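If you use our numbering, the sequence shown corresponds to residues 5 to 570, in order. For glycine and all other residues, C-beta sits at the position ideal for the given N, C-alpha and C. If you're wondering where the values come from, they're calculated on a predicted model, not measured in any experiment.
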Amino acid sequence: MEGSALALPQFRTRLGSPLLLSADASSAARSSSGRSRASRYDTGAPPSRAGRGRVWKRDDPESSPRRAGISGIPKLDPRFSNKGAGTNKAPIINFEVSHHRAVAAVRLLRADKGKAFVDLLNEKANDSAENEMGYVERTLGFSTRNLDDRDIRLVTVIVAGTVRWKRYIDFLIMSLCSDEKVFSKMEPLLLQILRIGFFEILKLNVPAYAVVDENVRLAKVALRPGAGNMVNAILRKLLSLKETDSLPLPKIEGDDRAQARALSIIYSHPVWMVRRWIRFLGKEEALKLMDWNNSDPYFSLRVNTTNGYTRDDLINRLDDLQVHYEKSIMDEFVRIREGMQAVLQAGLLKEGMCAVQDESAGLVVSVVDPQPGETIMDCCAAPGGKTLFMASRLAGQGKIWALDINKGRLRILMEAAKCHNLDDIITDVHGDLRLYAKESTAKYDKVLLDAPCSGLGVLSKRADLRWNRQFEDLEELICLQDELLDSASLLVKPGGVLIYSTCSIDHEENENRITAFVQRHPEFTPQSVHGYVPAEFITDEGFYSSSPTKHSLDGAFAARLVRSLH
5 MEGSALALPQ
15 FRTRLGSPLL
25 LSADASSAAR
35 SSSGRSRASR
45 YDTGAPPSRA
55 GRGRVWKRDD
65 PESSPRRAGI
75 SGIPKLDPRF
85 SNKGAGTNKA
95 PIINFEVSHH
105 RAVAAVRLLR
115 ADKGKAFVDL
125 LNEKANDSAE
135 NEMGYVERTL
145 GFSTRNLDDR
155 DIRLVTVIVA
165 GTVRWKRYID
175 FLIMSLCSDE
185 KVFSKMEPLL
195 LQILRIGFFE
205 ILKLNVPAYA
215 VVDENVRLAK
225 VALRPGAGNM
235 VNAILRKLLS
245 LKETDSLPLP
255 KIEGDDRAQA
265 RALSIIYSHP
275 VWMVRRWIRF
285 LGKEEALKLM
295 DWNNSDPYFS
305 LRVNTTNGYT
315 RDDLINRLDD
325 LQVHYEKSIM
335 DEFVRIREGM
345 QAVLQAGLLK
355 EGMCAVQDES
365 AGLVVSVVDP
375 QPGETIMDCC
385 AAPGGKTLFM
395 ASRLAGQGKI
405 WALDINKGRL
415 RILMEAAKCH
425 NLDDIITDVH
435 GDLRLYAKES
445 TAKYDKVLLD
455 APCSGLGVLS
465 KRADLRWNRQ
475 FEDLEELICL
485 QDELLDSASL
495 LVKPGGVLIY
505 STCSIDHEEN
515 ENRITAFVQR
525 HPEFTPQSVH
535 GYVPAEFITD
545 EGFYSSSPTK
555 HSLDGAFAAR
565 LVRSLH
């Protein structure tokens, strides 16, 4: 990722489109998936980690209590080597190790290096599966059998959960090592295997014998016997502490900073987020928010009415698939917590029956209130979840221009538009909004700026995002949001409406940006969203705001700004 602000929009994606498994960033661009808008801008993307056997220092090696335990890292047995792994033309398939744990360990390695996404939805596409097996073979020196649907679900759960609880798990691992150097110098693959074992024991309640046996075997085969012995000792120590209810935890005491550090370990969030939320939300609400972020997320499906489907049609298909659901507050949506793999494998997304989109994003479209015959510019549009929903609201009359700096994601948007029979209503525009607005003479009835943001409202679905954000990112994002708002305002007709939205719950990115914008542009007046969304989502200032803890939805924000006629 380039460091300049001009390059930032290239990394933005959109909340509310089908999400598919991607083994790496390039394959994500080829898939028809959409990702949270928060992923559009990854200021704090993790640096590449040291390779196997090299020193790897933790991002936040704060002091923590040490327990007696393992005091050294076993030396490499000369009889075992993984040099040249993956170079054989015929892959060596190992049937002794746990297949889903092997794949999960490699995916966690790649995620730590910033070369893989921690997606909570997967579609078993042939190219993705082949790519992932290639990574497994090159990393471990052997391949596994192809994963079945159950294996895929387990990989998804283990990877997402391990990433969410990484700070807490690492604290425990350090506590079971008698020397901090043992942890700081631990091989990346060995660490991932331990993290998987800790997560299974602490959060999944997998039978102890299975966790120990399978992770020990994986460490022995993928690394060496000594590594397996180390995994065995640490996991058995963890089990002993768990059984006696004596797991080490930091004490919540001292000043505000010290208490925030302790809470950041217990709830596995960055310290700066904990401090910020306690300051602005209060301690009780901050703890509820972190609980929400650590819980297994639900997903919402939006039926594609343009293709002639109704919500009842979608419900009937879910019944056939034995997927439990609940109706949403919005007529086009249903919510599911389990069974998404069945939905994906059944092809409901590919056949254009529905899309994965949170109601919070749907309510942003309600704030836009697309009407037949209108012209709408969707700035920063790709990969197009809100674009498609707005287009469906036009009932075949009107036009939407979808602008984005990322050409590959625009292609994904138009492929999805064709699948939903909306490609005659949507026109893609490749370019930087800031340059386009200066050069274009076109004006539109409505302009939506769904801006790049911190994504602090979607952390339950973006397991890795909390670790890829730094406090310093907010300042850079705020400057970018102001620039994009100024540019978007140039495209609004006199009497037209500018809609600003984010998937953040931070006032600096939301209300404060509107206040600053109106001061710079007195020709725009905020308009209440009353009548566009239910009253429970309307703030005292008349903005739309959804809260994970209050509404059980992703956090989002939107404001309507009307341009004067003169």
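(request) Please check if any C-beta of chain C sits within less than 8 angstroms of the C-beta of ALA109. (result) Absence of chain C from the displayed structure is noted, only one protein chain being present.
(message) With three or more beta-carbon pairs closer than 8 angstroms as the criterion, would you say the region 496-513 touches the region 148-158?
(response) Contact fails: fewer than three Cβ-Cβ distances are below 8 angstroms.
(message) For ILE380, list the residues DSSP reports as bridge partners.
(response) Taking the sequence shown and counting its residues from 1, one reaches residue 380 at position 376. In the DSSP assignment, ILE380 is bridged to ILE404 and LYS450.
(request) Could you tell me the boundaries of the alpha helix (DSSP H) in which GLN349 lies? (result) As a working note, residue 349 is residue 345 in the sequence shown. That run of the alpha helix (DSSP H) goes 344-349.
(request) Tell me PRO530's beta-bridge partners as DSSP assigns them. (result) Along the sequence shown, one-based indexing puts residue 530 at 526. For PRO530, which the question treats as bridged, DSSP gives the partners LEU565.
(request) Taking all protein chains shown into account, decide if GLY165 is buried (16 or more other Cβ within 10 angstroms of its Cβ) or exposed. (result) Within the sequence shown, residue 165 is the residue found at index 161, counting from 1. With 16 or more neighbouring CB atoms inside 10 Å of its own CB, GLY165 falls in the buried class.
(message) Quick check on GLU134: buried or exposed, where buried means 16 or more other Cβ atoms within 10 Å of its Cβ?
(response) Here residue 134 refers to the residue found at position 130 of the sequence shown. Exposed, since its Cβ has fewer than 16 Cβ neighbours within 10 Å.
(request) Could you say if the region 431-448 and the region 238-245 meet the contact criterion of at least three C-beta pairs nearer than 8 angstroms? (result) Result no; under three Cβ-Cβ pairs closer than 8 angstroms.
(message) Taking only three categories from DSSP, how would you classify GLY312?
(response) Mapped onto the sequence shown, residue 312 falls at position 308. In the structure shown, GLY312 sits in coil (DSSP, three-state: anything other than H, G, I, E or B).
(message) For ASN320, count the other beta carbons within 10 Å of its own beta carbon; 16 or more makes it buried, fewer makes it exposed. Which is it?
(response) Translated into positions along the sequence shown, residue 320 becomes position 316. Under the 10 Å beta carbon count, ASN320 is surrounded by fewer than 16 other beta carbons and is classified as exposed.
(request) Figure out for me which residue from ILE200, VAL371 and ILE518 has the closest Cα to the Cα of PHE541. (result) If you number the sequence shown from 1, residue 541 lands on position 537. Comparing Cα-Cα distances from PHE541 to each of ILE200, VAL371 and ILE518, the minimum goes to VAL371.
(request) Look up PHE337 in the DSSP assignment and say whether it is helix, strand or coil. (result) In the sequence shown, residue 337 corresponds to position 333, counting from 1. The answer is strand: DSSP assigns PHE337 an E or B state.
(message) Please report the straight-line C-alpha distance between PRO552 and PRO95, rounded to a whole angstrom.
(response) What you label residue 552 is simply residue 548 of the sequence shown in a count that begins at 1. What you label residue 95 is simply residue 91 of the sequence shown in a count that begins at 1. Taking the Cα positions, PRO552 is about 46 angstroms away from PRO95.
(request) Return helix, strand or coil for GLY412, following the three-state DSSP convention. (result) Within the sequence shown, the letter at position 408 stands for residue 412. Helix at GLY412.
(request) Measure the Cβ-Cβ separation of GLY461 and SER508 and say whether it is below 8 angstroms. (result) What you label residue 461 is simply residue 457 of the sequence shown in a count that begins at 1. What you label residue 508 is simply residue 504 of the sequence shown in a count that begins at 1. Less than 8 angstroms divides the Cβ of GLY461 from the Cβ of SER508.
(request) Along the beta strand (DSSP E) that carries ALA359, what are the first and last residues, could you check? (result) As a working note, residue 359 is residue 355 in the sequence shown. First-last of the beta strand (DSSP E) with ALA359: 358-360.
(message) Rounded to whole angstroms, what is the Cα-Cα separation between LYS390 and VAL360?
(response) Walking along the sequence shown from the start, residue 390 turns up at place 386. Walking along the sequence shown from the start, residue 360 turns up at place 356. Approximately 11 angstroms between the Cα atoms of the pair.
(message) Check whether the region 487-496 and the region 329-349 are in contact - that is, three or more C-beta pairs closer than 8 angstroms.
(response) Here the region 487-496 makes no contact with the region 329-349; the two share fewer than three CB pairs at distances below 8 angstroms.
(request) Would you mind sorting ILE430 into buried or exposed? The rule is 16 or more other CB atoms within 10 Å of its CB. (result) If you number the sequence shown from 1, residue 430 lands on position 426. When all chains shown are included, ILE430 counts as buried.
(request) Consult DSSP for ILE96 and reduce its assignment to one of helix, strand or coil. (result) One-based indexing of the sequence shown puts residue 96 at position 92. Judged by DSSP in its simplified three-state form, ILE96 adopts coil rather than helix or strand.
(message) Taking its Cβ as the centre, do 16 or more other Cβ atoms sit within 10 Å of ARG571, making it buried, or is it exposed?
(response) Past the edges of the chain, shown from 5 to 570, lies residue 571, and the structure says nothing about it.
(message) Whole angstroms are fine: how far does the CA of GLY400 sit from the CA of ASN514?
(response) Stepping through the sequence shown from its first residue, residue 514 is reached at position 510. Stepping through the sequence shown from its first residue, residue 400 is reached at position 396. Roughly 32 angstroms separates the two Cα atoms.
(message) For HIS570, count the other beta carbons within 10 Å of its own beta carbon; 16 or more makes it buried, fewer makes it exposed. Which is it?
(response) In the sequence shown, residue 570 corresponds to position 566, counting from 1. Answer is exposed; the Cβ neighbour count stays below 16.
(request) Could you have a look at PRO229 and say whether DSSP puts it in helix, strand or coil? (result) Within the sequence shown, numbered from 1, the residue matching residue 229 stands at position 225. If DSSP states are grouped into helix, strand and coil, PRO229 belongs with the helices.
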